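Residue numbers (the UniProt record's numbering): 1 to 664.
In this text, a Cβ means the ideal position worked out from N, Cα and C, and glycines have one as well.
A quick note: this is a predicted structure, and the numbers were derived from the prediction, not measured.
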């Protein structure tokens with residue numbers, strides 16, 4: 001006997017992934033549990049485990065240019081284009097004091113190990129040191145002929161030295177006791193971008209955009225070695241010889257029968273997006289074979305490559321930051337049991353997702369979410385950690401649509417359509433493309449898997465055609481020499497304008513297509529013979545879906561309405577009005593008795609089908625909502641859109657009923 005149907009009364013957003021980083025300065029806590037980073041004019045405090053925004057500090061309405069945590073994590077120092085230096089207490093998030101620093105923006109900060117001194121590097125070519133408690137300047141250094149890009153104290157608190165680097169291609173060493181420059185290091189030919197000091201405290205390592213690494217002796221401030229790097233360098237860092245990272249590196253060197261490790265090692269990153277580990281003698285110990293950065297069609301070099309690298313405390317790995325606002329955490333490991341040691345990407349935190357255009361839950365337990373944004377890759381998020389587990393890379397233009405399925409053999413598949421006119425089928429476990437479908441003459445804006453037998457998928461394009469692709473004979477894995485080309489089993493000229501959406505019936509007997517030509521068409525499978533044409537919308541149709549139980553189809557349109565149609569004769573059974581703008585997605589929940597819709601007004605709505613009633617409206621997003629994913633049991637939803645955020649929703653009907661009972 002079927003269980004009684006309980007209508008949902010409410011959904012609650014229980015987790016969201018929002019933009020937390022806009023590029024620029026960041027600082028990691030002393031235990032690595034959180035980091036602070038700039039997001040335009042605000043400072044976000046981010047949980048390192050799941051990229052959740054723990055707290056936000058509102059700035060002074062100007063974009064942040066520099067920030068750093070105090071060594072004990074009690075204070076945050078921040079500066080913006082307003083040139084104000086502000087000190088915040090992390091416990092209360094209150095601004096304790098502020099003062100005007102430089103005559104231009106502050107581009108770099110450093111804290112002395114004692115926590116009592118703050119150094120600032122300015123676009124005004126000056127370096128200043130401040131008493132943290134008093135807020136007054138203790139040292140005022142000038143001498144650089146260009147913008148000062150970064151600064152650092154000597155890590156030994158007893159050696160009162162300050163280093164500064166500039167785009168005048170020099171590094172200066174300042175004696176804090178004598179209050180003067182004791183050496184100017186001149187070997188670079190372009191802007192010096194980063195500097196660090198060896199573990200023993202006697203070698204300064206500098207990198208720059210002149211594509212060289214310089215090692216300087218701090219005994220006599222001479223250049224001990226110049227190492228050609230053959231790429232513009234953005235960051236350099238060192239690591240402790242007693243760390244797990246160093247121990248694993250030694251094991252790697254023995255495995256690879258490489259040259260023995262010299263006195264110290266360091267890591268560099270730059271425009272190529274490749275990690276490299278170096279010996280102090282100039283030899284490369286390790287170099288990544290391929291970059292983990294998301295390949296981009298963007299020709300702007302500012303948006304590619306690494307911008308920073310730093311070792312995380314307590315043996316938590318190596319953190320690298322990318323030009324497209326991602327935080328990548330690496331550590332030594334093995335990708336497969338049979339492989340040798342390698343630097344493995346352990347976690348990818350996405351600071352900014354771009355506009356989200358489509359997404360679907362993935363896996364039998366729906367632990368993952370496949371997300372298409374305004375880039376050529378698909379990002380697969382682990383919903384337990386909200387980190388990007390891996391990326392599907394292969395399309396040469398923006399991915400527009402996604403569908404997912406789990407086959408009878410428990411294989412998790414993803415199908416994507418792109419502006420590059422192709423469809424691709426991916427094995428999500430391997431993270432590799434297994435087949436490519438070529439034949440569309442326009443952007444592929446809609447894809448949908450078979451619901452019952454999982455043995456085909458359909459695609460629709462701006463070329464106005466609908467194609468059926470058979471998965472019979474699908475290879476078990478992608479060939480090493482390329483991918484298997486898929487062929488169409490059926491094709492039909494379906495519409496007069498772009499096809500925006502596709503849906504396959506629960507029994508695989510029909511497919512419905514929705515188009516910008518304001519019609520939805522129902523086709524018989526597998527031969528794609530027309531069954532019905534649904535006319536009545538006044539603008540293009542963005543979404544179509546079959547009812548899970550009844551012989552009807554639901555459509556969502558740019559005319560601000562959602563309609564339900566009879567399959568038998570194509571008649572309109574119901575029209576739902578309530579959105580203030582185009583409705584982009586509508587999906588059935590509660591075994592077809594209810595549905596959820598979202599659209600250009602940024603609203604999510606829950607409807608009862610029988611009563612034609614909108615019973616709840618949620619205003620969570622700041623922009624258009626393009627994407628809606630519904631879990632198999634319809635207890636969990638995901639929404640995403642133009643605000644680059646992902647929201648996860650859970651049916652809260654039972655929980656609210658229990659809460660009400662407890663209050664009584």
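Tell me whether residue 618 counts as near the ligand PLP, meaning its Cβ is closer than 8 Å to at least one heavy atom of that ligand.
Only the bare structure without any ligand can be found here, which leaves the ligand PLP out of the picture.
Tell me residue 124's beta-bridge partners as DSSP assigns them.
None; residue 124 has no bridge partner.
What residue range does the beta strand (DSSP E) around residue 493 cover?
488-493
By alpha-carbon positions, which one of 360, 216, 310 ends up nearest to residue 245?
Of the listed residues, the one whose Cα sits closest to residue 245 is 310.
As a quick exercise: from 599, 608, 55, pick the residue whose alpha carbon is nearest that of residue 619.
599
Does the distance from the CB of residue 358 to the CB of residue 371 come in under 9 Å?
yes
So which of 385, 69, 353 has the shortest CA-CA distance to residue 367?
Comparing Cα positions, the closest option is 385.
Pull up the CB-CB distance for residue 586 and residue 635, whole angstroms please, since I reckon it's below 8 Å.
At roughly 18 Å, the Cβ-Cβ gap does not stay under 8 Å, so residue 586 and residue 635 are not in contact.
Can you check whether the CB of residue 439 is closer than 9 Å to the CB of residue 491?
yes
Would residue 642 and residue 664 qualify as a contact pair, given that the criterion is a beta-carbon distance under 9 Å?
No.
Please classify residue 644 as buried or exposed, where buried requires at least 16 neighbouring CB atoms within 10 angstroms.
buried
Below 8 Å, how does it come out for the region 2-13 and the region 42-62: are there three or more Cβ pairs, yes or no?
Contact fails: fewer than three Cβ-Cβ distances are below 8 Å.
What residue ranges within the region 82-155 form continuous beta strand (DSSP E) runs of no fewer than 3 residues, ordered along the chain?
84-89, 94-100, 106-111, 117-122, 126-131, 137-142, 148-153
Three or more beta-carbon pairs under 8 Å between the region 446-457 and the region 426-433, yes or no?
no
When DSSP labels each residue in this structure, what does residue 362 get in the three-state scheme?
strand
Does the contact criterion of 3 or more C-beta pairs under 8 Å hold for the region 605-615 versus the region 23-36?
no
Since residue 234 contacts residue 306 with CB under 8 Å, what's their CB separation in whole angstroms?
6 Å
Less than 9 Å between the C-beta atoms of residue 103 and residue 124, yes or no?
yes
Contact check, residue 687 vs residue 602 under 8 Å by CB: the rounded distance?
Nothing can be reported for residue 687: it is not among the residues displayed for the chain, which extend from 1 to 664.
Going along the chain, which residues of its own chain have a beta-carbon closer than 7 Å to the beta-carbon of residue 429, five neighbours each way excluded?
412
Can you check DSSP and say which residues form a bridge with residue 234?
As far as DSSP is concerned, residue 234 takes part in no beta bridge.
Going by Cα to Cα distance, which pick from 561, 630, 274, 285 is closest to residue 251?
Checked all of 561, 630, 274, 285; the closest Cα to residue 251 is 285.
Are the region 205-221 and the region 315-333 touching, with three or more C-beta to C-beta distances below 8 Å?
no
From the DSSP output, in three-state form, read off residue 342 for me.
strand
What does DSSP give as the partner residue(s) for residue 574 in the beta ladder?
564
When you compare each of 78, 91, 92, 112 to residue 101 by their alpha carbons, which one comes out closest?
78
Do you know whose CA, among 516, 443, 632, lies nearest residue 423's CA?
For residue 423, the closest C-alpha among the options 516, 443, 632 is that of 443.
Residue 245 lies in the alpha helix (DSSP H); which residues open and close that run?
If you look at residue 245, you'll find it in the alpha helix (DSSP H) that goes 244-255.
Exposed or buried, which one is residue 376 when buried takes at least 16 other CB atoms within 10 Å?
buried
Residue 278: which of 198, 550, 222 sits nearest, CA to CA?
198
Near residue 543, what residues of its chain come up, given a Cβ to Cβ distance below 6 Å and the 5 sequence neighbours on each side ignored?
501, 556, 585, 586
Mapping the DSSP letters down to three states, classify residue 410 as helix, strand or coil.
coil
Could you tell me which uninterrupted alpha helix (DSSP H) segments, each at least 4 residues in length, are contained entirely in the UniProt repeat "WD" (576-617), listed from first to last along the chain?
none
Alpha carbons only, please: which of 488, 519, 531, 516 is nearest the one belonging to residue 509?
Measuring from the Cα of residue 509, the nearest candidate turns out to be 531.
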